[in-house]
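Okay, structure first, notes after.
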Amino acid sequence: MPSFLQITDTHIVADGTLAYGRSDTAAALERAVETINARLPLLGGVECAIVTGDLTDHGSEEEYDRFKAIMSRLQLPYLAIPGNHDLRGPMRVAFAGEDWMPMQGPIQWRRDIGALTVIGLDTLLEGAHYGHLSDAGFAFLDSTLSSLGPRPAVIATHHPWMLSGIDAMDQDNLRNGARLIERLQAHPGPVRMISGHVHRAITGQIGKVTCQIGPAPCHAVHLDHRRQAENALILEPGAVTVYCQPATQPGLLISDLLPVGSFAGPWPFFP
Ligand SMILES: [Fe+2]
Ligand SMILES: [Fe+2]
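In the numbering used here, the protein residues as written are 1 to 271.
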């Protein structure tokens with residue numbers, strides 16, 4: 001069944017360092033790549049991975065090189081959009097020549113996967129942690145959506161507009177996301193918005209738009225819904241998200257979490 005993976009917020013740092021002094025993000029991505037490669041033969045039809053931003057922690061050339069070296073072992077092609085921890089210039093240089101990387105302007109692209117189209121949008125506003133979709137981003141979204149007719153669309157962004165309940169993260173969401181959701185509500189086909197940034201698996205529904213935030217392979221943001229709670233990371237198990245379109249229920253798009261690591265089992269229920 002046609003499908004794709006979402007890997008998000010890998011936050012790669014320079015060799016010999018830990019993100020925030022605590023999180024070995026490179027080791028987490030290495031484990032994620034091994035986990036995915038081991039599972040691919042059981043999934044079938046996985047066409048690509050979509051990396052929804054914060055590939056690196058500081059946007060340096062060295063961090064992108066390290067990210068690419070680890071991801072070169074992934075047995076899938078991948079596409080990426082930037083997050084608030086990325087820098088457009090070094091990211092463009094790192095992926096120059098990839099068919100999804102534009103020569104200039106926002107890092108945005110379209111990819112058809114089975115019965116749906118994924119539209120990757122660039123919500124990075126350099127110098128800010130919150131997200132902003134530029135006029136060029138809206139123009140790309142409008143022209144791509146209008147070419148789809150009723151075809152299902154998946155909109156990939158780093159910053160979600162949907163709130164997570166975590167105060168500090170919600171202050172840095174996609175601040176002009178209301179305008180984006182308005183556009184998505186008007187699309188004649190089904191729409192899913194998939195994002196990163198919060199390092200947790202969160203789902204919500206805004207009108208006809210199903211919104212999902214994917215977990216990171218490395219650290220999570222601490223689940224704390226108290227007002228003005230301290231923004232904190234926690235080393236909960238990492239994961240990536242698997243999206244599939246089962247052929248026998250046309251129009252259905254399911255998502256499933258694949259925890260990073262190896263676990264005891266599987267065992268037949270009734271051997
Ligand atoms: Fe992040
Ligand atoms: Fe982020």
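Every residue gets a Cβ at the ideal spot worked out from N, C-alpha and C, and that includes glycine.
If you're wondering where the values come from, they're calculated on a predicted model, not measured in any experiment.
Span separating the alpha-carbon of residue i from that of residue j
i    : j    : result
Y243 : A128 : 30 Å
F67  : R73  : 11 Å
A229 : G149 : 44 Å
A168 : P268 : 44 Å
T273 : L163 : Since the first residue shown for the chain is 1 and the last is 271, residue 273 is missing from the structure and cannot be characterised.
Q75  : S3   : 14 Å
I50  : T56  : 15 Å
P160 : G177 : 8 Å
G261 : R31  : 6 Å
R183 : D142 : 8 Å
E62  : T248 : 45 Å
P188 : H219 : 37 Å
D15  : G53  : 20 Å
V13  : Y64  : 9 Å
H95  : R88  : A small fix is needed here, since residue 95 is Phe in this sequence, not His. When rounded, the distance between both Cα atoms is 11 Å.
R192 : P271 : 39 Å
L40  : T8   : 18 Å
P102 : W109 : 8 Å
E126 : N173 : 14 Å
Simplified DSSP assignment, three categories, for residue i
i    : result
D301 : Since the first residue of the chain shown is 1 and the last is 271, residue 301 is not available in this structure.
V33  : helix
M103 : coil
D24  : coil
E61  : helix
A128 : coil
I113 : strand
R183 : helix
G120 : strand
G83  : coil
L56  : The sequence given here has Thr at residue 56, not Leu. It is a strand residue.
Q245 : coil
With 16 other Cβ atoms within 10 Å as the buried cut-off, status of residue i
i    : result
T17  : exposed
H11  : buried
P106 : buried
A136 : exposed
H120 : With the sequence shown as reference, residue 120 is identified as Gly, and His is not the correct amino acid for it. Buried, because 16 or more other Cβ atoms sit within 10 Å of the Cβ of G120.
L273 : What the structure shows of the chain is the stretch from 1 to 271, and residue 273 is not part of that stretch, so it cannot be assessed.
Member of the options whose CA lies at the smallest distance from the CA of residue i
i    : options                : result
P190 : P152, H222, V198       : P152
A80  : R22, G165, V118, G131  : V118
Q171 : Q185, I181, S143, Y130 : Y130
P250 : L116, T241, L145       : L116
G83  : P237, A216, P271, G196 : G196
L258 : G120, H132, S23, P217  : P217
H85  : E47, G120, L124        : L124
Q6   : A136, H225, A201       : A201
Open item on the list: Closer than 5 Å between the C-beta and any heavy atom of ligand 2: which residues qualify, listed along the chain?
Closed with: D54, G83, N84, H197
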